[in-house]
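Chemist:
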Amino acid sequence: DAGITQSPRHKVTETGTPVTLRCHQTENHRYMYWYRQDPGHGLRLIHYSYGVKDTDKGEVSDGYSVSRSKTEDFLLTLESATSSQTSVYFCAIRDSNNSPLHFGNGTRLTVT
Amino acid sequence: AQKITQTQPGMFVQEKEAVTLDCTYDTSDQSYGLFWYKQPSSGEMIFLIYQGSYDEQNATEGRYSLNFQKARKSANLVISASQLGDSAMYFCAMREGWLYQAGTALIFGKGTTLSVSS
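As given, the protein sequences belong to chains A and B, one line each in that order.
Counted the way our numbering counts, the first sequence spans residues 41 to 152.
Counted the way our numbering counts, the second sequence spans residues 1122 to 1239.
#1: For Leu85/A and chain B, any beta-carbon pair shorter than 8 Å?
#2: Leaving out five residues on either side along the sequence, give the residues of the same chain with a beta carbon under 6 Å from the beta carbon of Val59/A.
#3: Since Leu1227/B meets chain A, which of its residues come closer than 7 Å, beta carbon to beta carbon?
#4: Between which two residues does the beta strand (DSSP E) harbouring His64/A extend?
#5: Can you tell me whether DSSP reads Gln1190/B as helix, strand or coil?
#6: Which residues in the same chain as Tyr71/A place their Cβ atom closer than 8 Å to its Cβ, once the five residues preceding and following it in sequence are excluded?
#7: Which same chain residues end up closer than 8 Å to Gly43/A when comparing Cβ atoms and leaving out the 5 residues on each side of it in sequence?
#8: Between Met1215/B and Ile1228/B, is the Cβ-Cβ spacing less than 8 Å?
#9: How long is the line joining the alpha carbons of Leu116/A and Lys93/A, rounded to whole angstroms?
#10: Which residues in the same chain as Phe1156/B place their Cβ atom closer than 6 Å to its Cβ, once the five residues preceding and following it in sequence are excluded?
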């Protein structure tokens, strides 16, 4: 199994508070991704990274920011959480262009 | 327009039967990759099988095979001899331009729930 750890696994927070989710990998893979999963929508890309300090936006990036200061860590920040950001968040990694994504176990975030 | 379409919200099959999960895709790229993932009720995403757009043979991995029909832009997953443990959500996904684009992400369909009964 790919060494990907997401933390926390579960979080409940209040509307308007900032939240940071962490993705840590031990594989030294170049590419890292944040997706959210919602019923009826499948998985949608939030942000991705193709190297340290190199990040780009995905399909649903509004309200989210990311940072990657080290190869092994990719942080997702909800600047001011809203109820519409209640979701399951998955981090994924891959090492080369034709390899599949390997996913972490997800973080279930509830914004009340 | 949706890039990946999975038209079957739910499928029901009995043990030992074969089942086909449909996936159609939309791309103008010549180079792309197609993937299937399984998500059991425990929530993890498990990679099953991959097909490259230039691969001439259909991909197979154990009981999984991918029925790739390029002209129809379909990439159906076939599970032979279903087992109870196959009950899960299945996602089809595509990567466009995988040969040369750095950091290209996967685009996912909305998924199909497969229920296998004894």
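Ideal Cβ positions, reconstructed from N, Cα and C, are used throughout, including at glycine.
Owing to the predicted nature of the structure, the values given are computational and were not obtained by experimental measurement.
Modeler: Reading it off the structure:
#1: It does: the Cβ of Leu85/A has a partner Cβ on chain B nearer than 8 Å.
#2: So the list reads Thr53, Leu118, Ala121, once near-sequence residues are dropped.
#3: Leu141
#4: 59–65
#5: strand
#6: Tyr88, Ser89, Tyr90, Ile133, Arg134, Asp135
#7: Same-chain partners within the cutoff: Gln65, Thr66, Glu67.
#8: yes
#9: Take the alpha-carbon of Leu116/A and the one of Lys93/A: they are about 13 Å apart.
#10: Tyr1171, Ala1214
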